[in-house]
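> Following this message is one structure expressed as structure tokens.
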Amino acid sequence: MLPEEAQLEALRDQVVGGFLTGSRGVRYYLRDLLGEGGQGWVYKANYDEPDGMWVVVKLLRPDSVNPEALRRFQREAEVLRMMGMQPTPCPHVVRFYDHGITRFHVGEGASARVLDLPFTVLEYVDGITLADVIDGSPGKGLSVGRVRRILRQVVRALETVHAHRIVHRDLKPSNILLMSQSRQEVVKVTDFGLVKLVDLKMNQTTAFAGATLGYAPPEQYEHGNERVSEQSDVFSLAAILFECLAGRAAFPYADGDPPLRVITQIIMGARPSLADCANNLSLELQGQDDLIQRLDRAITQGLQPDPSNRQPTCRAFWSEVEPVLHGGERRTVKLSGIGLNRAEVSGVLDRRQSHPDNSSLTDAPTRLGHGPRLIVLSDALSQLGLRSALFGGDGTVLAVGPEGLYRWSQRSWSVLPTPPGLFMPDVRAMIRTPDGCSLLMGDHGMVVTLFPDGRPVWWPLRQPDLRVFGAWMDRPDEAFLVGENTAGGGFFLHLSRQRESEIQRIDTPTVLRAIQRTAGGKLIVCGDGGALFLWQSSILEPMAWERTGHLRAMAARPNDGLAIVGSGGHALHISPSMRVWIEPVQTTRDLTAVTMGFDGALWAVGEEGRVLRHDGTTWVRVSPSTPIPARLIGVGATSSGVLVLGDDGLVVGVQ
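Residue numbering for the sequence shown follows the working numbering, starting at 5 and increasing by one per position.
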């Protein structure tokens, strides 16, 4: 007979692929295990049909079932249903769909038993969590404007729950879901009032007495939970606010830390202070001592061990905090105006007013007069129409356009001989091969290796319906290609230069633009309409993110992840664990190229002369002394810094 834990794991995995039957005979087809906790399993499921709309099914674990837990689970389901049936339901509360009990048969022979397990069906939110956002910038606080917009919506959700005399009791960043609607970040709070067992389990670490260490107040660990009230959620809200601004937990703990040590720190230790981690704060707060002190006062009160000493409600707490955050936003706009002309400042303000909740639209350049400078090294040349470029560590550039090949060296351009048989208008892009040659690609399935002596060697890709936009090579004779099918959609193709018969092609509904391998060996593909895939086991597996902007270019990150940029100022961070989230960007212009410098810094360029540097949390715009009208198509690292290239041949150095 399997041990109990092994039986539970087997049951958890076996239900995937099956279905549960809910109210009115509706079936919920379980697809993927999204997560699990001490009390339940969470699945992604289809509603009523094997290909029906996505929902979330939360199933109570067998080892968490007892009469009291069942009563609470049922009661909370009724409350969630009631909240959804209100004349004006809160849009920031995850929607309730169904609740029921399903029967499972576990074990065999004499050990066989029947389990009746309750389940709840909720809205599926296609996005990431606030925890993902915070983890994406460890040790760095989020922008003031983004924190205000997110937590304002969280407070709205909590007000709705508290109006029904329900205390969340498990408010934390991983229970705050972030999705996108019309380019705006929308919050959905989940796990409202789900049953948390109150018997103390001293061997637990992160979930102790049904609460999450570092976010739950002391009264949640008391027998009977008699002092748990709305002020318990005030404590959690204050802890989350601190973490968002400081980039670290209010009451940090490590795996294996005794729960009582953490609880003792919460009860008897000093309250966390933003002033003590000033270097971690976003640029808007750094040096703003008056704002930091006001925020610290509100957070300190909200984190008091005795609930009677906290703000009486989440609204009262927020009423103290939101004006301060607004002050930080206003100061950001004011600081951003330094060195800008009137038209540029007006454009920044207009964009902020027309997109009040767009986390990608932060502010105009915040470091004018400081940090990197843009220096024009070569004036533009008319009608070049450059499409792609390779940057050498010695500061040279090899560029390609519909009229030919060009080399930039010692601050001047020269025209290179056209390789024999190569029709230059067909060339769309090029990359450097592992053996130091150049790989040119483009229309009619053209893939050509160009050797240093100018000799071209064609690859055996005879598929004229393909337009190749991007490639990745692990070996000189093997390539992964992506691009456009002229009949519609896109393609991914694995090709060997020596073996035409081994071509592997996958057609996709959207055009693919770029492909990049991480330092950890993961092969990522991106393209139009938000297309983002992981190539694994000969399959393109979709990677979810919350928007549909066109993704144009990728570069390795110093931490083994990837940076991706695209239309409308979209910038994605892919972590080594393949988590995806949107990063704040100080532009709304299309971004066309991205690279990592020799010092590990990330750079991106785009339309209307946009140049941005990643400061660890945000893509910060670097402003030139005079506007750059060019469409920038390339950025590359050199031994002395970074070079930027325009489609008209303009070359700009970054110092």
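Note that CB positions come from ideal geometry on N, CA and C, so glycine has one too.
What first and last residue would you give for the beta strand (DSSP E) that runs through Phe618?
Position 614 of the sequence shown, counting from 1, holds the residue named residue 618. According to the sequence shown, residue 618 is His rather than Phe. Here the beta strand (DSSP E) through His618 covers Val615 to His618.
> Please state the DSSP three-state secondary structure of Met183.
Position 179 of the sequence shown, counted from the start, is the residue given in the question as residue 183. If DSSP states are grouped into helix, strand and coil, Met183 belongs with the strands.
> Judging by CA-CA distance, which residue of Met558, Cys530 and Ala559 is the nearest neighbour of Glu545?
Reading the sequence shown from its first residue, position 541 is the one you call residue 545. For Glu545, the nearest C-alpha among the options comes from Cys530.
> Give every residue of the same chain whose Cβ lies closer than 7 Å to the Cβ of Pro423, excluding the five residues on either side of it in the sequence, and list them in chain order.
Numbered from 1 along the sequence shown, position 419 holds the residue referred to as residue 423. Here the set comprises Leu454, Gly458 and Pro460.
> Starting from the Cα of Met477, find the closest Cα among Arg471, Leu485 and Val569 and give me that residue.
To locate residue 477, count along the sequence shown from 1; it is residue 473. Residue Leu485 is the option with its Cα nearest to Met477.
> Helix or strand or just coil, what does DSSP make of Pro93?
Residue mapping note: residue 93 aligns to position 89 of the sequence shown, counting from 1. In this structure, Pro93 counts as coil in the three-state DSSP scheme.
> Ordered along the chain, which non-local residues of its own chain (more than five positions away) have a Cβ less than 7 Å from that of Arg593?
Here the question's residue 593 lines up with position 589 in the sequence shown. Correct list, in chain order: Gly573, Gly610, Glu611, Glu612 and Arg614.
> Hey, Glu234 and Cys318 are a contact pair by Cβ (cut 8 Å); roughly how many whole angstroms apart?
If you number the sequence shown from 1, residue 234 lands on position 230. If you number the sequence shown from 1, residue 318 lands on position 314. Indeed, because the Cβ distance is near 7 Å, the residues count as touching under 8 Å.
> When we look at the beta-carbon of Asn284 and count the other beta-carbons within 10 Å, is it buried (16 or more) or exposed?
Indexing the sequence shown from 1 puts residue 284 at position 280. With 16 or more other Cβ atoms within 10 Å, it is buried.
> Please state if the CB of Gly332 and the CB of Val97 are separated by a distance shorter than 7 Å.
Walking along the sequence shown from the start, residue 97 turns up at place 93. Walking along the sequence shown from the start, residue 332 turns up at place 328. No, the Cβ-Cβ distance between Val97 and Gly332 is not below 7 Å.
> Does the Cβ-Cβ distance between Leu34 and Val46 come in under 7 Å?
Numbered from 1 along the sequence shown, position 30 holds the residue referred to as residue 34. Numbered from 1 along the sequence shown, position 42 holds the residue referred to as residue 46. In this structure, Val46 does not lie closer than 7 Å to Leu34 by Cβ.
> Indicate the three-state DSSP secondary structure (helix, strand or coil) for Met86 in the structure shown.
As a working mapping, residue 86 is identified with position 82 in the sequence shown. Three-state DSSP puts Met86 in a helix.
> What whole-angstrom Cβ distance do Val598 and Ala608 have, given they're in contact under 8 Å?
In the sequence shown, residue 598 corresponds to position 594, counting from 1. In the sequence shown, residue 608 corresponds to position 604, counting from 1. Confirmed, Cβ separation roughly 4 Å.
> In terms of alpha-carbon separation, which member of Ala559, Ala641 and Arg150 lies closest to His330?
Here the question's residue 330 lines up with position 326 in the sequence shown. When only C-alpha atoms are compared, the closest one is Arg150.
> At which residues does the beta strand (DSSP E) containing Ile154 begin and terminate?
In the sequence shown, counting from the first residue as 1, residue 154 sits at position 150. No beta strand (DSSP E) contains Ile154, which is instead part of the alpha helix (DSSP H) from Val148 to Ala167.
> Residues bridged to Tyr128 by DSSP?
As a working note, residue 128 is residue 124 in the sequence shown. In the DSSP output, where bridge partners are listed per residue, Tyr128 has none listed.
> Using three-state DSSP, classify Thr133 as helix, strand or coil.
Counting from one through the sequence shown, the residue named residue 133 turns up at place 129. DSSP places Thr133 in strand when its eight states are reduced to three.
> Given a threshold of 16 other Cβ atoms within 10 Å of its Cβ, counted over all protein chains shown, does Trp58 qualify as buried or as exposed?
In the sequence shown, the residue the question calls residue 58 occupies position 54. Exposed, by the Cβ-count rule.
> Over the uninterrupted beta strand (DSSP E) stretch that includes Thr400, give me the two end residues.
Translated into the one-based positions of the sequence shown, residue 400 becomes position 396. Note, Thr400: premise wrong, no beta strand (DSSP E); not H, not E.
> Does DSSP put Cys441 in a helix, in a strand, or in coil?
Position 437 of the sequence shown holds residue 441. Note: Cys441 maps to coil in three-state DSSP.
> Spatial neighbours of Gly39 within its chain, please: CB distance less than 6 Å, with the 5 preceding and 5 following residues excluded, ordered by chain position.
Counted from its first residue, the sequence shown places residue 39 at position 35. If we look at Gly39 and ignore the five residues flanking it on each side, its Cβ neighbours are Val46.
> With respect to the beta strand (DSSP E) encompassing Ile267, which residues constitute its N-terminal and C-terminal limits?
Along the sequence shown, read from residue 1 onward, the residue named residue 267 stands at position 263. Counting along the chain, Ile267 falls outside any beta strand (DSSP E), though it belongs to the alpha helix (DSSP H) covering Pro263 to Met272.
> When you compare only the Cα positions, how much space is there between Val158 and Pro631?
The sequence position of residue 158 within the sequence shown is 154, counting from 1. The sequence position of residue 631 within the sequence shown is 627, counting from 1. The alpha-carbon atoms of Val158 and Pro631 are separated by roughly 41 Å.
> Going by DSSP, what residues sit across from Asn489 in a beta bridge?
As a first step, residue 489 is located in the sequence shown; it is residue number 485 there, counting from the start. BP columns for Asn489 point to Leu470.
> Considering only their Cβ atoms, is the gap separating Gly88 from Lys62 smaller than 7 Å?
Against the sequence shown, residue 62 aligns to sequence position 58. Against the sequence shown, residue 88 aligns to sequence position 84. No, these two residues do not count as a Cβ contact at 7 Å.
> Going by DSSP in three states, Arg356 sits in which element: helix, strand or coil?
In the sequence shown, the residue the question calls residue 356 occupies position 352. Residue confidence is low: Arg356 scores 29 on pLDDT, short of 50, so the model does not pin down where it sits. Its coordinate-derived value is still stated next. Looking at Arg356 - three-state DSSP - the assignment turns out to be helix.
> What do you reckon, are the CB atoms on Val589 and Trp623 nearer than 7 Å?
Translated into positions along the sequence shown, residue 589 becomes position 585. Translated into positions along the sequence shown, residue 623 becomes position 619. The answer is yes: Cβ separation under 7 Å.
> Can you look up Pro633 in the DSSP assignment and give me helix, strand or coil?
Residue mapping note: residue 633 aligns to position 629 of the sequence shown, counting from 1. Coil, per DSSP.
> Which class does Tyr219 belong to by DSSP, given the choice of helix, strand or coil?
Within the sequence shown, numbered from 1, the residue matching residue 219 stands at position 215. Reduced to three states, the DSSP call for Tyr219 is coil.
> How would you call Ser571, buried or exposed, if buried means at least 16 neighbouring beta carbons within 10 angstroms?
Position 567 of the sequence shown holds residue 571. Classification of Ser571: buried, given that the 10 Å Cβ count is 16 or more.
> Under a Cβ-count criterion, where at least 16 other Cβ atoms within 10 Å of its own Cβ denotes burial, should Val118 be classed as buried or exposed?
Reading the sequence shown from its first residue, position 114 is the one you call residue 118. Under this definition Val118 is an exposed residue.
> Below 8 Å, can you find three or more Cβ-Cβ pairs linking the segment 491-500 to the segment 510-519?
Enough Cβ pairs lie closer than 8 Å, so yes.
> Quick check: the Cα distance between Pro54 and Ile510, rounded to an integer number of angstroms?
Within the sequence shown, numbered from 1, the residue matching residue 54 stands at position 50. Within the sequence shown, numbered from 1, the residue matching residue 510 stands at position 506. In a straight line, the C-alpha of Pro54 is about 25 Å away from that of Ile510.
> Going by alpha carbons, who is nearest to Gly104 out of Gln502, Phe123, Pro91 and Ala116?
For the purposes of this step, residue 104 is taken as the residue at position 100 of the sequence shown. Comparing Cα positions, the closest option is Phe123.
> As a quick exercise: from Pro429, Ala167 and Gly56, pick the residue whose alpha carbon is nearest that of Pro93.
Residue mapping note: residue 93 aligns to position 89 of the sequence shown, counting from 1. Nearest option by C-alpha distance: Ala167.
> Just checking, does the segment 164-182 make contact with the segment 294-310 on the three C-beta pairs under 8 Å criterion?
Verdict: no, contact absent.
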